[in-house]
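Numbering (full-length UniProt numbering), first residue to last: 1 to 144. Report on one structure; see the data block that follows.
Structure representation (structure tokens):
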């Protein structure tokens, strides 16, 4: 069911009004989109370097590829674009999260020193709070 080398960066999101799903990912560190129906992968497209703008592929190219590949007359391109935008947002977010992960072998172990209680700097309370309408037990006894 899975392609060799396809690393999904988004979930499989359905195109409204159809039984087709789209998924964005990477194949050999290049952006790719695949079209699914049921459990079958119908087609995949790997984007060229000039098709990628900034961090993600041109969304118009994805929509055009889907419209050429899907054999449904009168499919709504706007629905395909909305699906593509959601997938692109997911994929860019996941790709950014993936970059931040550092293997444990690259981190060094650090032991923290215990700071003595006398050296801790506690915030100093400034001013005072005026309590109105509250009386202590002694004030109540004096009145009686």
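Note that the Cβ used here is the ideal one computed from N, Cα and C, for glycine as well. Keep in mind that this is a model prediction, so the values were computed, not measured.
Sequence-distant Cβ neighbours of residue 67 in its own chain, meaning closer than 8 angstroms and more than five residues away, are 75, 77 and 80. In this structure, the CA atom of residue 90 is about 38 angstroms from the CA atom of residue 111. Residue range 20-27 is occupied by the beta strand (DSSP E) that includes residue 23, with no alpha helix (DSSP H) assigned at that position. Under the DSSP definition of a beta bridge, residue 30 partners with 27.
The Cβ atoms of residue 69 and residue 43 lie closer than 7 angstroms to each other. Excluding residues up to 5 positions away in sequence, 7 lie with their Cβ nearer than 6 angstroms to the Cβ of residue 26 in the same chain.
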